[in-house]
Amino acid sequence: MEAAKSKIEIERSLQEELEKIVIGVPGLKKQIENSIDRDVSLLLKSIMSGGVLLNCSDIHIEALIKGSVLRARIDGVLQEIFSFDTPQHQRLVSRIKLLSGLKLNVDDKPQDGRFSVVFNQSEEIEIRASTLPTEYGETIVMRILNPKNLIDLEELGLRKDIYNIFVEEAQKPNGMIIVTGPTGSGKTTTLYAFLKKIRSPEIKVITIEDPIEYHLDGISQTQVNPKKGYNFAAGLRSIVRQDPDAILVGEIRDLETASISLQAALTGHLVLSTLHTNDASGTIPRFQALGEVATNIAPAINMAVAQRLVRRVCPHCTEKKKISEEELLIMKEEFKNVSDKINIPSINEDTEIANIKGCEYCNFTGYKGRVGIFEAMVFDDEMEDFILTGPSTSAIQKMAVSKGMTTMKQDGLIKVLNGLTTMEEVKRIVG
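The opening position of the sequence shown corresponds to residue 4 in this note's numbering, with each subsequent residue numbered one higher.
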């Protein structure tokens, strides 16, 4: 039987103190300085609750030749927060391992565990802890799974035309919706947004995940356990016997999982899942690389979505600037093959775009929060027939664009014109 998960209780007085101090990274650093020479439990409380207040996705404690460094990933970018000496590092690592249910006497093997942070005796945020032995000691990464990050489809930052496609595909009774992108690109958030859209008392939704990242009312969720022989493939076989209407498969990693997922999509189920590919057109080659044949893939997939996350400009300090000649040329070149049905703001030499500055509110980065950029490839009869001819990834991309698909880069540039992000940020993420 699995041991009960450990919890860090954040007292109301500490939360109020942190809310006053932790406005940005300097505030969190100040709070750690106030806690460093006191109880290690208070130090960890300050780090974790400060990370939640700053909306960090991950907290890294990285072993160095002397001590360690604490870094936090905020809006997708790591920022250095604090440095610890060796004794402080050891105390902190031991405390995290104890809370996470990890073996304290094992420091030469990776370990994975979990605990939670509880605010006001009610709001519970799960933390996934992962240790890794390195040259100078154990490095720990803690992933913060804040249920506040579970958002609706309407909040993903979708253009109206892409939103309409998403809603239409989500309402279909069968077929597969694949969301692609690298780790940290927001795939899980998008999948859960789909689930929130389709869940209702009239349909049965089951998920199989590794691990269950967020808990949703009204759906059945199951977690794989490879040590006991319960992997994605084994779980899927059992799930299809549970008479589900929709199935979420956390990730398709192997041929067996791919085959069962595609068969489920072909036999009356709506299947949602993720793949690691660079873009939507890479979905078919990726399935084929796993060992599937095009005759099974093409009729099963309804839509392939590729996405990335770009940082939003800070609403407090961002100003406007006139677009440069070079930026204008880039825009015109990128938009020359865009469908007339896509609503693109008019651009000329007087067009204004965001110019970031930086302030305390955004940790002097000029950015606060993130928004998705998307491309959505719909598989209609024409696309299905085309895929059966064995085209290359670039040929699939050209076909999708000719049928009206906008690329992630184009979507990013539209968001630049709408004042949501910057040219530099789109270039950093998609080139």
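C-beta atoms are modelled at their ideal positions from N, C-alpha and C, and glycine is treated no differently.
Taking the continuous alpha helix (DSSP H) assigned at residue i, which residues delimit it?
| i | result |
| --- | --- |
| residue 97 | 89 to 103 |
| residue 332 | 328 to 338 |
| residue 384 | 384 to 390 |
| residue 197 | 190 to 201 |
| residue 243 | 235 to 243 |
| residue 163 | 163 to 173 |
| residue 292 | 286 to 293 |
| residue 431 | 426 to 433 |
| residue 275 | Premise fails: residue 275 lies in the beta strand (DSSP E), 273 to 278, not in any alpha helix (DSSP H). |
| residue 65 | Element bounds for residue 65: not the alpha helix (DSSP H) but the beta strand (DSSP E), 61 to 66. |
| residue 51 | 43 to 56 |
| residue 33 | 28 to 38 |
| residue 297 | 297 to 300 |
| residue 262 | 258 to 269 |
What is the residue span of the beta strand (DSSP E) that residue i lies within?
| i | result |
| --- | --- |
| residue 3 | The requested residue 3 does not occur in the structure, where the chain is confined to residues 4 to 434. |
| residue 393 | Per DSSP, residue 393 belongs to no beta strand (DSSP E) and is neither H nor E. |
| residue 306 | 304 to 316 |
| residue 115 | 114 to 122 |
| residue 135 | 126 to 137 |
| residue 10 | 9 to 13 |
| residue 186 | Careful: residue 186 lies outside any beta strand (DSSP E) and carries neither H nor E. |
| residue 71 | 71 to 77 |
| residue 415 | Careful: residue 415 lies outside any beta strand (DSSP E), inside the alpha helix (DSSP H) at 411 to 420. |
| residue 145 | 140 to 148 |
Do the CB positions of residue i and residue j come within less than 7 Å of each other?
| i | j | result |
| --- | --- | --- |
| residue 390 | residue 297 | yes |
| residue 243 | residue 179 | no |
| residue 351 | residue 322 | no |
| residue 160 | residue 407 | no |
| residue 190 | residue 155 | no |
| residue 379 | residue 433 | no |
| residue 387 | residue 302 | yes |
| residue 249 | residue 290 | no |
| residue 153 | residue 194 | no |
| residue 32 | residue 84 | yes |
| residue 425 | residue 280 | no |
| residue 276 | residue 255 | yes |
| residue 88 | residue 70 | yes |
| residue 372 | residue 315 | yes |
| residue 205 | residue 236 | no |
| residue 72 | residue 86 | yes |
| residue 317 | residue 369 | yes |
| residue 366 | residue 28 | yes |
| residue 399 | residue 284 | yes |
| residue 53 | residue 82 | no |
| residue 311 | residue 125 | no |
Per DSSP, which one or two residues make a beta bridge with residue i?
| i | result |
| --- | --- |
| residue 358 | 322 |
| residue 83 | 74 |
| residue 374 | 313 |
| residue 226 | 212 |
| residue 250 | 209 and 274 |
| residue 380 | 307 |
Give me, in chain order, the residues of the same chain whose beta-carbon lies closer than 7 Å to that of residue i; leave out the 5 immediate sequence neighbours on both sides.
| i | result |
| --- | --- |
| residue 15 | 123 |
| residue 305 | 172, 175, 178, 179, 180 and 382 |
| residue 196 | 154, 155, 156 and 159 |
| residue 39 | 46 and 91 |
| residue 1 | The chain is shown from 4 up to 434; residue 1 falls before or after that span and cannot be answered. |
Between residue i and the rest of its own chain, which residues show a CB-CB distance below 6 Å, the 5 nearest in sequence each way excluded?
| i | result |
| --- | --- |
| residue 129 | 119 and 148 |
| residue 91 | none |
| residue 326 | 354 and 356 |
| residue 5 | Below a pLDDT of 50, predicted positions are generally treated as unreliable, and residue 5, at 46, falls in that range; the measurement from the model is reported next regardless. Within the same chain, residue 5 has no close Cβ partners at all. |
| residue 269 | 303 |
| residue 22 | none |
| residue 282 | 309 |
| residue 121 | 10, 12 and 127 |
Identify, in the order they occur along the chain, each residue of the same chain with its Cβ nearer than 8 Å to the Cβ of residue i, setting aside the five sequence neighbours on each side.
| i | result |
| --- | --- |
| residue 429 | 313, 376, 412, 415, 416, 418 and 419 |
| residue 240 | 263 |
| residue 207 | 223, 245, 246, 247, 248 and 249 |
| residue 404 | 340 and 410 |
Can you check whether the C-beta of residue i is within less than 7 Å of a C-beta belonging to chain D?
| i | result |
| --- | --- |
| residue 143 | Absent from the structure: chain D. Only one protein chain is present. |
For the segment 164 to 175 and the segment 87 to 98, state whether three or more C-beta atom pairs, one from each stretch, are separated by less than 8 Å. No, because fewer than three Cβ pairs between the segment 164 to 175 and the segment 87 to 98 fall closer than 8 Å, the two stretches do not touch.
Tell me whether the segment 55 to 64 and the segment 134 to 148 touch, counting them as touching only if at least three CB pairs, one residue from each stretch, are closer than 8 Å. yes
For the 8 Å Cβ check, are there 3 or more pairs between the segment 48 to 62 and the segment 395 to 403? no
Is the segment 223 to 237 touching the segment 202 to 214 in the sense that three or more CB pairs, one from each, lie closer than 8 Å? Enough Cβ pairs lie closer than 8 Å, so yes.
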